[in-house]
Amino acid sequence: MIKKAKTFDFISETERLVIRPLKNEDYQNWLNEFKNRFPSQHRHDKGKIDMSECTEEWFHNLVKKHQTLALSDTAHIFGIFRKNDDIHLGMVDFSTLARDNFQWGRIGYMIHNQFWRKGYGKEAVKEALNIAFKDLNFHRIEAHINVDNAPSINLAESVGMEFECVRKGFIYEYEEWTDHMVYYINSK
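Below you can see the structure in the form of structure tokens.
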């Protein structure tokens with residue numbers, strides 16, 4: 001029997017970061033950093049995003065949705081915050097692909113582009129993988145990465161994920177079925 005972590009009240013810390021679910025009181029901090037994003041740096045960076053429909057009520061519903069997804073073990077979604085000033089740096093999430101004899105999940109990550117090249121992504125993803133194995137009880141985590149997304153590939157490799165294969169026509173995005181590279185890491 002695999003125990004499920006109650007991630008809606010979970011917190012993990014590294015030297016510089018706090019990784020935890022979003023809370024209602026995070027709204028202004030969360031919104032500010034989305035608004036402070038730089039223009040897009042490459043094809044897979046959304047850059048500045050229209051946040052006009054992201055009202056405080058909308059955000060509170062998002063927090064509830066994240067809690068529901070965590071309770072059902074469908075997805076576990078965490079904010080990444082800088083420890084010294086609680087600034088929202090980005091997000092990391094796990095989707096459960098299969099449990100039972102697999103204990104298999106997928107990781108997604110995003111650091112606001114105004115905080116790139118400071119090591120936050122590597123530090124956050126490394127700690128998130130610890131959370132995945134120790135607290136969420138996954139055995140295998142995969143990252144599905146666009147074949148031309150060099151920054152994401154470099155990040156996956158920097159935390160010890162290994163290239164496994166290219167899945168052809170794997171995800172429908174950019175108005176077409178796109179190939180994705182699969183990187184994986186297993187618990188030790």
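Numbering (full-length UniProt numbering), first residue to last: 1 to 188. Cβ coordinates follow ideal geometry from the N, Cα and C atoms, glycine included.
Does residue i pass the burial test, meaning 16 or more other C-beta atoms within 10 Å, or should it be called exposed?
i	result
Y172	exposed
V166	exposed
Q114	exposed
W177	exposed
L89	buried
S152	buried
W58	exposed
A150	exposed
I131	buried
Y183	buried
E162	exposed
Below 7 Å between beta carbons: does that hold for residue i and residue j?
i	j	result
H66	F94	no
C37	K83	The question names Cys, but residue 37 in the sequence shown is Arg. In this structure, K83 does not lie closer than 7 Å to R37 by Cβ.
K46	P39	no
E127	T14	yes
F78	I19	yes
H60	N24	yes
V147	M110	no
E53	Y27	no
L155	G108	no
F133	S72	no
State the DSSP-derived secondary structure class of residue i, mapped to helix, strand or coil.
i	result
E157	helix
M1	Confidence in M1 is poor, its pLDDT being 33 and thus under 50, which makes the residue's placement unreliable; the coordinate value appears in the next sentence. Residue state, collapsed to three classes: coil.
Y172	strand
Below 8 Å on the Cβ atoms is my contact criterion, and I expect residue i with residue j to pass it. Report the Cβ-Cβ distance as a whole number of Å.
i	j	result
I185	I141	6 Å
H139	R106	Actually they do not touch by this definition, with Cβ atoms about 13 Å apart.
V159	L129	6 Å
V92	V125	6 Å
Contiguous beta strand (DSSP E) assignments of at least 3 residues, all confined to the stretch 3-67 | 17-20
Would you mind listing the beta strand (DSSP E) stretches within the stretch 90-147 that are 3+ residues and don't spill past its ends, in chain order?
-> 104-111, 140-146
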